[in-house]
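This is the structure:
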């Protein structure tokens with residue numbers, strides 16, 4: 604009987620070894636959380652330089668987060684942001700669905716009427732530090748679904764009005780969207796360690812110290 608107990612304890616010890624020696628699952632990093640005013644203070648100031656910029660230096664759209672689903676990044680964002688889910692047909696063709704463009708508050712029922720906006724435009728990212736990145740990092744930025752705010756489905760009209768302008772020169776036409784937009788702009792800059800020029804920073808401070816002082820910024824630094 605004693606031998607059986609010993610054998611049982613030995614078997615239990617062997618069963619526990621893989622559990623004790625297995626590496627712990629790595630938890631996702633917790634987001635940084637701060638006020639908008641403090642977040643603006645974390646953005647470094649530099650002069651912008653667009654020398655050498657072309658959109659082709661930011662490869663998009665790629666095969667997206669789910670490389671086996673047949674959808675590229677644009678369609679994956681459309682599917683994720685739909686308030687009424689579209690039907691996904693062969694080749695990731697989307698039919699039906701409803702979206703709300705937060706820049707202007709418009710409801711859209713045709714995916715073709717939407718653009719996927721880089722919240723901080725590619726040209727602005729280039730000016731603010733991406734010119735020194737590798738092509739791989741620029742592709743990661745251009746297809747960033749690791750943050751739900753980096754890419755946003757909005758009406759083509761507002762996206763084209765915005766173009767590559769920063770908050771010193773363009774804000775969403777819907778007043779209700781502006782504090783959210785400023786917070787997400789700053790969050791994206793901090794996520795990717797992008798800088799700001801003087802005019803941009805002053806515009807951000809106007810919102811942070813005025814109508815958007817209660818806005819909270821959350822961001823996780825990009826790998």
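Residue numbers (my numbering): 604 to 826.
Just so you know, even glycine gets a beta-carbon here, dropped at the ideal spot from N, CA and C.
Membership of residue 692 in the beta strand (DSSP E) is indicated by the continuous run 690-692. The way I'd put it, the region 787-795 does touch the region 636-648; three or more beta-carbon pairs between them come closer than 8 Å. Under the Cβ criterion (8 Å, minimum of three pairs), the region 760-778 does not count as touching the region 680-700. When the alpha-carbon of residue 656 is set against those of 731, 709, 820, the nearest one is in 731. For residue 712, there is no enclosing alpha helix (DSSP H), as DSSP gives it neither H nor E. Per DSSP, residue 636 is one residue of the beta strand (DSSP E) stretching across 635-638. In this structure, residue 646 lies near residue 799, with their beta-carbon atoms less than 7 Å apart. In the DSSP annotation of this structure, the continuous segment of the beta strand (DSSP E) that includes residue 819 starts and ends at 819-822.
Out of 713, 752, 715, 705, the CA that lies nearest to the CA of residue 723 is found in 752. Going by C-alpha positions, residue 756 is about 7 Å away from residue 684. Residue 677 places its beta carbon less than 7 Å from that of residue 719. For a cut-off of 8 Å, the C-beta gap from residue 662 to residue 745 is around 6 Å, short enough to register as a contact.
When the Cα atoms are used, residue 801 and residue 658 turn out to be separated by approximately 24 Å. Take residue 810, set aside five residues on each side of it, and the residues of its chain with a beta-carbon closer than 6 Å to its own are 785, in chain order. Straight-line measurement puts the Cα of residue 679 at about 9 Å from the Cα of residue 666. For residue 702, the uninterrupted beta strand (DSSP E) segment begins and ends at 702-704. Cβ neighbours of residue 765 within its own chain (closer than 6 Å, five residues either side excluded): 773.
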